[in-house]
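J.:
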Amino acid sequence: MTLIDLIQKAAESARELVLGNMDKATEKTGERNPFGDQTLALDKEAEDVIIKVLQQSDTSFSIMTEEQGIIENEGKPEYLAIIDPIDGSANLERGIPICSIGISVLPYDEKMTTDDLEASVIRSFFTDEIYVAIKDQGVTLNGEPVEPAQPKPMEEIIVSYDTKKKWDKKFTAASVRVLENVFDMRRSASNLLDLCWTAAGGLDAMLDLRGVLPIVHVSGTHMVTEAGGYVVNSTGSRLNLPIEYEQRMSFIAASTETLARNLLSLWRGTS
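This is how it looks when you write it as structure tokens:
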């Protein structure tokens, strides 16, 4: 079984578990994950299934998970797997059918960055969408190559914009500057899917400049970069983050570098 086949199998196993136990969608474990969020029972169970599939394979993994933190392997593992078992937990809990699973893998080393990502899989729970990114080989949706949207005027741009934070004056002003200059905004509340749709051309860009998104969401930005898009951080540098559990993400992922930088200029108020 190839590495891609393995992580797809892990994602499918988690999806089957969740869809088969939707009566538990609102059940909580009573615990909080290391990021401080309440853990849904299905979050934990889906994560456990993914871990089991990976650990029972012939490949050795160290595993970084949203709900459990770092799970070390005895000795030096071949790969690090980064898991977001349910991206869009609030949607799932409320019966909104928009959520996804994200798994990324990269060769294990003492120091790793997002540039080292070798493969990522994002599986939609409720739609027939399986996105696969392979380093230097592009991105596929259900086996067919995808690419970002073609350049267009700012007034025709549709973006996803994560708004889940306290809207202080600075964030409010920056958000208004962006949103009043684009055609429209979408927000699914599953950032991984929004990033997949950016990679595949449905959206022109996805912005998350809150500085709070956990590193376990790297499968999403990986999709955009491998598809041919561009991702900048909040300072304007190309996104390349250290793979550390405490690391947070802040970025604009767009169809082109020009669009990413133009949106950042709007957000900063320097355009």
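Quick note, the sequence shown lines up with residues -11 to 259 if you use our numbering.
We treat Cβ as the ideally placed atom computed from N, Cα and C, and that holds for glycine.
(1) Let's test the definition: count the other Cβ atoms within 10 Å of the Cβ of Val164 and tell me whether it reaches 16, buried, or not, exposed.
(2) Tell me, please, which residues DSSP counts as bridged to Phe49.
(3) With distances taken from CA atoms, which of Gln44, Met142, Lys32 is nearest Glu55?
(4) DSSP state of Arg175, grouped into three classes?
(5) Beta carbon of Ala(-2), beta carbon of Leu42: below 7 Å?
(6) Please name the residue or residues paired with Thr244 in a DSSP beta bridge.
(7) Across the stretch 93 to 113 and the stretch 196 to 210, are there enough close Cβ pairs to call them in contact, namely three or more that are closer than 8 Å?
(8) Would Ile231 and Met100 be called neighbours here (beta carbons separated by less than 7 Å)?
(9) For Lys140, verify whether its CB is less than 6 Å away from any heavy atom of the ligand NAP.
(10) Given a cut-off of 7 Å, decide if Leu80 and Ala13 are closer than it, judged by their beta-carbon atoms.
(11) Comparing alpha-carbon positions, which option in Lys154, Thr244, Ile38, Glu62 lies nearest Ala265?
(12) Which partner residues of Val93 appear in the DSSP bridge assignment?
(13) Which of the three DSSP states is assigned to Leu195 in this structure?
(14) Could you tell me if Thr286 is buried or exposed, where buried requires 16 or more neighbouring beta carbons within 10 angstroms of its beta carbon?
(15) Please check the pair Ala162 and Ala241, which I expect to be a contact at CB under 8 Å, by giving their CB distance rounded to whole angstroms.
(16) Under the DSSP definition of a beta bridge, which residues are partnered with Thr101?
(17) Pull the bridge partners of Met237 from the DSSP assignment, please.
(18) Cα-Cα, which of Thr(-10), Gly190, Gly83, Thr102 is closest to Asn221?
(19) Skipping 5 residues on each side, what residues in its chain have a beta carbon closer than 6 Å to that of Gly189?
(20) Considering only their Cβ atoms, is the gap separating Leu(-9) from Val37 smaller than 7 Å?
(21) Taking the alpha carbon of Ala177 as the point to measure from, which residue in Ser112, Pro139, Gly224, Leu167 has its own alpha carbon closest?
(22) Using 7 Å as the threshold, is the C-beta distance between Ser50 and Asn61 below it?
(23) State the DSSP-derived secondary structure class of Ser225, mapped to helix, strand or coil.
T.: Concretely, from the data shown:
(1) Numbered from 1 along the sequence shown, position 176 holds the residue referred to as residue 164. When all chains shown are included, Val164 counts as exposed.
(2) Counted from its first residue, the sequence shown places residue 49 at position 61. BP columns for Phe49 point to Tyr67.
(3) The residue you call residue 55 lines up with position 67 of the sequence shown. Here the closest residue by C-alpha is Lys32.
(4) For the purposes of this step, residue 175 is taken as residue 187 along the sequence shown, with counting starting at 1. Note: Arg175 maps to coil in three-state DSSP.
(5) For the purposes of this step, residue -2 is taken as residue 10 along the sequence shown, with counting starting at 1. For the purposes of this step, residue 42 is taken as residue 54 along the sequence shown, with counting starting at 1. In this structure, the beta-carbon distance from Ala(-2) to Leu42 falls below 7 Å.
(6) On the sequence shown, position 256 is the one that residue 244 refers to. Beta-bridge pairing by DSSP links Thr244 to no other residue.
(7) Short answer: they touch.
(8) Counted from its first residue, the sequence shown places residue 231 at position 243. Counted from its first residue, the sequence shown places residue 100 at position 112. If you check the CB distance, Ile231 and Met100 come in under 7 Å.
(9) The model on display carries no ligand, and the ligand NAP is accordingly not part of it.
(10) Stepping through the sequence shown from its first residue, residue 13 is reached at position 25. Stepping through the sequence shown from its first residue, residue 80 is reached at position 92. Yes, the pair counts as a contact, with Cβ atoms nearer than the cut-off.
(11) Residue coverage of the chain in this structure runs from -11 to 259, which leaves residue 265 outside it and unanswerable.
(12) Against the sequence shown, residue 93 aligns to sequence position 105. According to DSSP, which records beta bridges pairwise, Val93 is partnered with Ala69, Ala107.
(13) Taking the sequence shown and counting its residues from 1, the one referred to as residue 195 is at position 207. Taken through DSSP and simplified to helix, strand or coil, Leu195 comes out as strand.
(14) The chain is shown from -11 up to 259; residue 286 falls before or after that span and cannot be answered.
(15) As a position in the sequence shown, residue 162 is number 174, starting the count at 1. As a position in the sequence shown, residue 241 is number 253, starting the count at 1. Not a contact, Cβ separation roughly 17 Å.
(16) Start at 1 with the first residue of the sequence shown, and residue 101 comes out as number 113. Per DSSP, Pro230.
(17) For the purposes of this step, residue 237 is identified with residue 249 of the sequence shown, where counting begins at 1. For Met237, which the question treats as bridged, DSSP gives the partners Leu201.
(18) Mapped onto the sequence shown, residue 221 falls at position 233. Asn221 has its Cα closest to that of Thr102, out of Thr(-10), Gly190, Gly83, Thr102.
(19) Taking the sequence shown and counting its residues from 1, the one referred to as residue 189 is at position 201. Only Pro136, Ala137 meet the Cβ criterion.
(20) Position 49 of the sequence shown holds residue 37. Position 3 of the sequence shown holds residue -9. No; because the gap between Cβ atoms is not below 7 Å, this pair is not in contact.
(21) Working through the sequence shown from its first residue, we reach residue 177 at position 189. Of Ser112, Pro139, Gly224, Leu167, the smallest CA-CA separation from Ala177 is found for Ser112.
(22) On the sequence shown, residue 50 is found 62 positions in, with the first residue counted as 1. On the sequence shown, residue 61 is found 73 positions in, with the first residue counted as 1. Inclusion of Ser50 and Asn61 in the CB contact set at 7 Å is warranted, their separation being smaller than that value.
(23) Mapped onto the sequence shown, residue 225 falls at position 237. DSSP places Ser225 in coil when its eight states are reduced to three.
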